[in-house]
Amino acid sequence: MFHFPLKTLAWIGAGLCLIPIVAVGYSALGGTFETWIGLWDTVMPRYIWNTVQLALFVAVGTAATGTGAAWLVTMCRFPGSRILEIVLALPLAFPAYVLAYAYTDLLDHPGAVQTALRAVTGWGPRDYWFPEIRSLPGAALMLIFVLYPYVYLLARAAFLRQSPTAYFAARTMGHGPWSAFFRVSLPVARPAIAGGTILAMMETIADYGTVAHFGVQTFATGIYQAWFSMGDRAAASQLAFCLMVTALFLVLLEVKQRGGAKQYNAGNRVEAMMAHHLGGWRATLAILACLIPVLCGFAIPLVVLFEMAIKSGQNPFEGRYLDFVQNSLILASVAAVLTVIGATIVGYRMRLAPGRAAAIIKTLSGIGYALPGSVVAVGLLVPFAQLDNTVDAFMREHFGISTGLLITGSIALLVMTYIVRFMAAALSAFDTGISQIKPNVDAVARTLGSGTFGMLRRVHMPLMRASLLTAVLIVFVDTMKELPATLILRPFNFNTLAVQAHRLASDERLAQAAVPSLVIVAFGLLPVILLCRSIAQTQQMHVSTRAELPLASDTIVEKTA
367 MFHFPLKTLA WIGAGLCLIP IVAVGYSALG GTFETWIGLW DTVMPRYIWN TVQLALFVAV
427 GTAATGTGAA WLVTMCRFPG SRILEIVLAL PLAFPAYVLA YAYTDLLDHP GAVQTALRAV
487 TGWGPRDYWF PEIRSLPGAA LMLIFVLYPY VYLLARAAFL RQSPTAYFAA RTMGHGPWSA
547 FFRVSLPVAR PAIAGGTILA MMETIADYGT VAHFGVQTFA TGIYQAWFSM GDRAAASQLA
607 FCLMVTALFL VLLEVKQRGG AKQYNAGNRV EAMMAHHLGG WRATLAILAC LIPVLCGFAI
667 PLVVLFEMAI KSGQNPFEGR YLDFVQNSLI LASVAAVLTV IGATIVGYRM RLAPGRAAAI
727 IKTLSGIGYA LPGSVVAVGL LVPFAQLDNT VDAFMREHFG ISTGLLITGS IALLVMTYIV
787 RFMAAALSAF DTGISQIKPN VDAVARTLGS GTFGMLRRVH MPLMRASLLT AVLIVFVDTM
847 KELPATLILR PFNFNTLAVQ AHRLASDERL AQAAVPSLVI VAFGLLPVIL LCRSIAQTQQ
907 MHVSTRAELP LASDTIVEKT A
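For any residue, its number in the working numbering is found by taking its place in the sequence shown, counting from 1, and adding 366.
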């Protein structure tokens with residue numbers, strides 16, 4: 367029998383995740399037309415145009431880089447390909463705004479590159495032209511470098527799952543490797559590539575730190591400026607509403623393209639795609655094509671940040687930096703644990719009582735991941751600020767006591783924002799673990815007298831230990847990197863590593879910003895290392911499967927290559 371408190375808690379969690387959407391929509395649509403007209407006459411066209419340009423640049427860049435790298439390391443063998451297929455995921459450890467700080471220090475006028483150029487050529491400051499890193503194309507490059515792994519990982523998984531039958535058939539009909547790739551492999555992997563690209567676009571429109579540092583005005587920067595610089599809650603809500611509609615449109619687009627695409631294997635035989643062995647100039651080009659994203663997205667900025675941190679002369683172990691680390695760890699730890707508990711409640715509700723109600727709860731609980739952090743922050747701040755004011759007015763009138771702001775401006779509201787924002791990530795990890803436990807395990811536990819929570823505690827959670835740990839780690843790191851929501855909702859005089867890095871970079875103290883940035887990257891490496899291990903294990907399984915194929919297949923592939 368389904369446990370009633372679990373059902374109630376699941377609905378509460380779904381309702382919490384729905385609050386930002388309702389609040390932003392109500393506040394925006396309830397605003398005056400004068401505000402809408404004022405926004406449209408002043409900043410709205412610029413925000414729309416910059417956001418669209420940025421999203422399109424990132425979409426094209428991540429799709430090309432991620433798909434090309436995935437195809438090369440999956441279908442080709444060249445020196446270093448086994449290492450590159452793992453390290454290509456490393457840029458995921460970098461938040462885009464940290465990458466922006468590193469490249470600004472490297473490529474700006476007083477940076478190492480232009481200084482060396484002037485020293486070698488003898489040119490003065492006005493004697494040459496150099497690309498401006500603080501620009502919309504510069505912001506797009508930073509986002510491409512850190513977001514292409516979304517496409518790379520999904521595309522590579524799709525290429526590994528493909529049956530080679532159709533590819534072999536195309537080769538035997540006279541198509542070369544490139545023609546067979548574009549006519550067969552790429553169309554089959556299209557849903558995965560499109561899904562990764564849309565994820566990158568969602569992260570792009572949600573980004574605040576990178577575009578703010580480069581002075582690119584988008585919806586994300588507009589929300590923050592309207593709220594803090596102008597103190598206009600109506601304008602901030604209406605800008606958040608526009609950004610929310612854009613994000614939800616991308617979600618619907620991703621669901622539609624993924625739901626309409628189906629893929630069927632060519633047969634039941636154990637098959638594996640044979641790799642093309644590259645040599646000479648072809649191997650050199652393949653190495654460069656895979657190495658450049660890793661160098662630009664991980665190695666170079668890491669070296670630059672280390673150099674900046676050393677030059678800054680700051681001690682990362684001094685008191686105030688330890689306070690930043692402590693604040694970040696407390697927020698991330700509490701948010702991770704509570705988010706995973708919420709995901710477990712919602713996911714377990716779906717496991718025990720599947721149906722329309724459970725599907726609605728799960729959909730609502732995961733919708734926060736589609737919303738930018740600034741939208742979630744505004745969506746929670748508006749209703750809870752109203753609640754605080756109502757409670758304070760009631761207490762003043764009846765008891766002569768001022769309660770102040772009980773929720774607004776507290777860590778509790780900040781943690782609530784993280785829960786709404788990252789619930790989908792925890793749900794995904796929970797689903798991965800629970801799907802591997804067969805339903806008859808539940809039946810056996812029931813016959814032995816286990817109740818709802820007893821079965822979860824004694825049976826499911828021990829079997830899902832790895833998935834739950836992964837969920838905690840993912841939410842922990844995402845919380846450490848989250849910037850816009852933290853900037854809007856953090857309590858007074860409460861700084862995290864992300865806020866401190868942004869504050870120092872905003873004051874053009876990039877060397878000092880390198881210290882908290884490096885700590886953020888260090889924590890970001892944790893899930894990426896787990897991901898790289900998973901990639902290596904997948905490749906070992908793929909190779910072992912290939913070793914069991916008959917020798918006749920080797921001969922056929924060698925002849926068609």
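Glycine included, every Cβ here is placed at the ideal spot set by N, Cα and C.
- Distance from the CA of V703 to the CA of R448, rounded to the nearest whole angstrom, comes to 35 angstroms.
- Here R443 carries a strand assignment [DSSP, helix/strand/coil].
- With a threshold of 16 other beta carbon atoms within 10 Å, E763 falls short and is exposed.
- Between the segment 686-695 and the segment 766-773, the count of Cβ pairs shorter than 8 angstroms is below three; the stretches do not touch.
- Within its own chain, the residues whose Cβ lies closer than 8 angstroms to the Cβ of Y514, once the five positions on either side in sequence are excluded, are G427, T428, T431, G432, A435, P457, A566, P659 and G663, listed in chain order.
- The C-alpha of T487 is placed about 47 angstroms away from the C-alpha of A558.
- Leaving aside the five residues that flank R648 on each side, the residues in its chain whose CB is nearer than 8 angstroms to its CB run, in chain order, F444.
- By the neighbour-count definition (other C-beta atoms within 10 Å, threshold 16), Q692 is an exposed residue.
- Excluding five sequence positions before and after A506, the CB atoms of its chain that fall closer than 6 angstroms to its own CB belong to L420, F423 and V424, given in chain order.
- A contact between stretches requires three or more CB pairs, one per stretch, nearer than 8 angstroms, and the segment 818-830 fails this requirement with the segment 778-794.
- Taking the C-beta atoms as reference points, A792 is found nearer than 7 angstroms to T705.
- For I589 and L605, the gap between their C-alpha atoms comes out near 6 angstroms.
- Secondary structure note for L834: its alpha helix (DSSP H) is the uninterrupted segment R831 to K847.
- With a 10 Å radius around the Cβ and a threshold of 16 neighbouring Cβ atoms, H475 comes out exposed.
- By the C-beta criterion, the segment 518-529 is judged not to be in contact with the segment 672-683, since fewer than 3 inter-stretch pairs fall below 8 angstroms.
- By the C-beta criterion, the segment 845-865 is judged to be in contact with the segment 741-754, since at least 3 inter-stretch pairs fall below 8 angstroms.
- Within the same chain, and ignoring the five residues on either side of V781 in sequence, the residues whose Cβ sits closer than 6 angstroms to its Cβ are V700 and A701.
- Fewer than three pairs of CB atoms, one per stretch, sit closer than 8 angstroms, so the segment 390-397 makes no contact with the segment 571-578.
- Rounded to whole angstroms, R484 and L472 show a C-alpha spacing of 14 angstroms.
- Take C656, set aside five residues on each side of it, and the residues of its chain with a beta-carbon closer than 7 angstroms to its own are A435, L438, V439, L450 and L454, in chain order.
- Looking at the backbone, the Cα of L519 and that of I403 are separated by about 43 angstroms.
- Counting C-beta atoms within 10 angstroms of its own C-beta, Y494 has fewer than 16 neighbours from the protein chains shown and is therefore classed as exposed.
- For I800, the enclosing alpha helix (DSSP H) has its first and last residue at I777 to I800.
- In the DSSP assignment, L513 falls within the alpha helix (DSSP H) that extends over L502 to R527.
- Annotation: C662 is outside any alpha helix (DSSP H) and is labelled neither H nor E by DSSP.
- Assigned with DSSP and collapsed to three states, H475 falls in coil, not helix or strand.
- Taking a C-beta distance under 7 angstroms as the contact criterion, V881 and F460 do not qualify as a contact pair.
- Runs of the beta strand (DSSP E) lying entirely within the segment 567-595, each at least 3 residues long, are absent.
- Bounds of the alpha helix (DSSP H) holding R812 are P805 to T813.
- In the DSSP assignment, G739 falls within the unbroken alpha helix (DSSP H) covering G739 to F765.
- The count of Cβ pairs closer than 8 angstroms, one atom from the segment 722-731 and one from the segment 372-389, reaches three, so the stretches are in contact.
- According to the DSSP assignment, H868 belongs to the alpha helix (DSSP H) that extends over L863 to S872.
- Counting only the Cα atoms, L822 lies some 9 angstroms from D808.
- Rounded to whole angstroms, D797 and L839 show a C-alpha spacing of 16 angstroms.
- For the options M761, T774 and S731, the alpha carbon positioned closest to that of Q752 is the one of T774.
- Here S731 is buried: its Cβ has 16 or more other Cβ atoms, across all protein chains shown, within 10 Å.
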